[in-house]
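Beneath this line is the structure, given in structure tokens, with notes to follow.
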Amino acid sequence: MLSKMEINKRAMEESIALLACPICGSAFEFSEPRSFVCSERHAFDIAKPGYLHLLKQAHKTKYDQALFESRKKIIASGFFGKLIERVTEIIAETKKEQIVIYDAGCGEGSHLARVVEQLQATDCDVQAVGLDIAKEGVKQAARDYPGIVWTVADLANCPNQKETADAILNILSPSNYEEFKRLLQTDGFLLKVVPEANYLRELREFIYVDEKSSYSNESVTSRLAEKLTVEHVERITYKAPIAKDLFADFLEMTPLGWHIEANKKSELLGNPPEELTVDLQIIIAKKTNLS
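Counting from 1, one number per residue, gives the positions in the sequence shown under UniProt numbering.
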């Protein structure tokens, strides 16, 4: 039986044509026992339990192991289940038997792993690469979801070859549209998910008493429309139950929970809402012919 390290190593070797050196952009060759070496001799070793650290230099983030453990618990509870089902449906509608998916801002990998699993259940051959600047998230993804290529990477300098992605997922995460345009195949698309006005309304109304109690995604969507051609927009809204014993994890996971006053946080944990509003916009965008 192969170890997780061996499974991840095999996935990387099979997807080596998708990867690029983050320093010079050239292609990689694999060198045993576990190194990726480019034509300029820049070398990157597979780190345990099976991911590639493809940053030019280290970056500090607020996203630590505790946050990603909490995020995994919330996703495993089905909180985003309806969203991921719809994301998978949209990708499946391309009717491609083989597909390359990049998850830009993959976190600890749960979203991408579920999309891949659901697509593979339809006999679709999926090559998937997760990218995130937070090493702790990528490390956890490699441990929990072997068989996908997991990379510590900067979205402003994605370590991937141009025009290799059929679909780029960007779920509740920052974007770099110039890089996304570089990575997308001619008929590829970006699937971006952003909050809508009522996202986590119950939490916002408790924390804020001013205009922050509602959310506007106008600046995000306007910038996207400036950079790519928006082909489709839809809204997905539902109430998601959340168990009381998971609410501390939810506050750990969401940026909304990071700045709550101590007394308000105690009040919330003592009497949390039984459900939260999931209100999200799914945007499908493509390169223009001139991009």
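Glycine included, each C-beta is placed from N, C-alpha and C at the ideal position.
Using only the alpha-carbon positions, how far apart do residue 1 and residue 7 sit? Going from the Cα of residue 1 to the Cα of residue 7 covers about 10 angstroms.
Quickly, what does DSSP pair residue 286 with across the bridge? List them, please. In the DSSP output, where bridge partners are listed per residue, residue 286 has 229.
Candidates 282, 157, 198: closest to residue 23 by CA position: 157
What's the C-alpha gap between residue 135 and residue 122? 32 angstroms
Considering Cα atoms alone, identify which of 32, 251, 284 is closest to residue 67. 251
Is residue 207 helix, strand or coil when you go by DSSP? Residue 207 falls in the helix class under three-state DSSP.
Under the three-state reduction of DSSP, which class applies to residue 295: helix, strand or coil? Any question about residue 295 goes unanswered here, given that the chain covers just 1 to 291.
Measure the C-alpha to C-alpha separation of residue 274 and residue 262 and round it to an integer number of angstroms. 21 angstroms
Coil, strand or helix - residue 118 by DSSP: helix
Cα separation between residue 260 and residue 161? If I take the Cα positions, the gap works out to 42 angstroms.
Give the range of the beta strand (DSSP E) segment to which residue 70 is assigned. Looking at the DSSP string, residue 70 is not in any beta strand (DSSP E); the run it does join, the alpha helix (DSSP H), is 65-76.
Note down the Cα distance separating residue 49 from residue 32, rounded to an integer number of angstroms. 17 angstroms
By the DSSP assignment, the alpha helix (DSSP H) with residue 7 in it spans what residues? 4-14
When the distance is taken between beta carbons, is residue 112 closer than 8 angstroms to residue 155? no
Would you report the Cα separation of residue 11 and residue 38, rounded to the nearest angstrom? 18 angstroms
Identify whether residue 235 lies in helix, strand or coil by the three-state DSSP scheme. strand
Sorted by chain position, which residues of the same chain lie with C-beta nearer than 8 angstroms to residue 4's C-beta, five sequence neighbours on each side aside? 49, 50, 142, 143, 146
Does DSSP put residue 263 in a helix, in a strand, or in coil? helix
Can you name the residues that DSSP bridges to residue 31? 35
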